[in-house]
Amino acid sequence: MGIYPGSDRVHEIIDTLPFPALGQNIFDAEWDEPAEYFKPYTFFERGGSKIAVIGQAFPYMPIANPSWMFPEYSFGIRDENMQAMVDEVRGLGADLVVVLSHNGFDVDKKMASIVTGIDIILSGHTHDALPEPVLVNNTVIVASGSNGKFVSRIDLDVRNGQMMGFKHKLIPIFSDVITPDPDMAALIDREEHLISINCLK
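Residues in the sequence shown are numbered from 147 upward in steps of one, following the numbering used here.
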């Protein structure tokens, strides 16, 4: 949200997305209730398992960015609300609960020690690239670095609605030996050109 010029632009982007924008910790600042533009979670089905993905936005947005950019929103870690969301998706039949988090690795470790029922946290913000996941209680925390340098693969053994085990691999991406996709390369060139023009205004 802080990358773009204000929440109006963020809303425009969300309106075009073919998937929900997730953030259980983004609240309406006036009413102190979940913000309507952001869904707390979504569901996927993979390998016969029902997977809930809960979004966790960067909790310190008002500190890291000018508050005028998003006056209608409040943030925070909101561990209690996260617990409520985990309980809710479990009640809706989730076999696995995954949190897509921008907390930062240390904050995610703390959250995993407080909130029960999370199977996996995909941790972002601090750009850590961990060769092995970190286990906090029964929660597996995966951190895959930044800027597309790594991809984490995690294969899960799920039986009777429970994660029984996992295998993980942190895979380096050697971009200099991969032929760029021509459509994506053209899109990047076009966007970089537009950015350079706008920066010169």
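Don't be surprised by glycine CBs; every beta carbon is placed ideally from N, CA and C.
Determine which residues share a DSSP beta bridge with residue i and list them.
i: Tyr185; result: Correcting the residue type first, residue 185 is Lys in the shown sequence and not Tyr. The partner list for Lys185 (beta bridge, DSSP) reads Leu168.
i: Ala275; result: Ser290
Given residue i, which residues of its chain have a CB within under 7 Å of its CB, disregarding the five upstream and five downstream residues?
i: His248; result: Gln202, Ala203, Phe204, Gly270 and His271
i: Gly250; result: His271 and Thr272
i: Lys196; result: Phe189, Gly239, Ala240 and Asp241
i: Ile160; result: Ala167 and Tyr183
Output the distance between the C-alpha atoms of residue i and residue j, rounded to the nearest integer angstrom.
i: Asp265; j: Tyr183; result: 26 Å
i: Ala275; j: Ser292; result: 8 Å
i: Ala210; j: Leu163; result: 25 Å
i: Glu105; j: Ala198; result: The question about residue 105 has no answer here: the residues shown for the chain are numbered 147 through 347.
i: Gly222; j: Val282; result: 21 Å
i: Val253; j: Tyr206; result: 11 Å
i: Met330; j: Val323; result: 16 Å
i: Asp178; j: Val245; result: 22 Å
i: Asn284; j: Gly311; result: 11 Å
Just curious, the beta strand (DSSP E) that residue i is in, first and last residue?
i: Asp301; result: Phe296 to Arg305
i: Ala198; result: Ser195 to Gln202
i: Ile317; result: Gln308 to Pro318
With a threshold of 8 Å on Cβ separation, who are the neighbours of residue i within its own chain once the five nearest residues in sequence on each side are excluded?
i: Asp348; result: Nothing about residue 348 can be reported from this structure: the residues present for the chain run from 147 to 347 only.
i: Ile317; result: Phe296, Val297, Ser298 and Arg299
i: Val288; result: Ile266, Ile267, Leu268, Ser269, Leu276, Pro279, Ser298, Ile300 and His314
i: Gly152; result: Trp214, Met215 and Phe216
i: Pro294; result: A small correction: the amino acid at residue 294 is Gly; Pro does not occupy that position in the sequence shown. Taken in chain order, the residues that qualify are Ile319 and Ser321.
i: Gly263; result: Gln229, Val232, Asp233, Arg236 and Val243
Grab me the residues of residue i's own chain with a C-beta within less than 6 Å of its C-beta, minus the 5 sequence neighbours each way, in chain order.
i: Lys313; result: Asp301
i: Ala332; result: none
i: Gln229; result: Val261
i: Leu168; result: Lys185 and Gly201
Determine the extent of the alpha helix (DSSP H) in which residue i is found, giving its start and end residues.
i: Phe251; result: Phe251 to Ile260
Checklist entry - Just checking, does the region 296 to 308 make contact with the region 240 to 259 on the three C-beta pairs under 8 Å criterion? => result yes
Next on the checklist: For the region 184 to 200 against the region 221 to 236, do three or more pairs of beta-carbon atoms, one drawn from each stretch, fall closer than 8 Å, so that the two count as touching?
Outcome noted: yes
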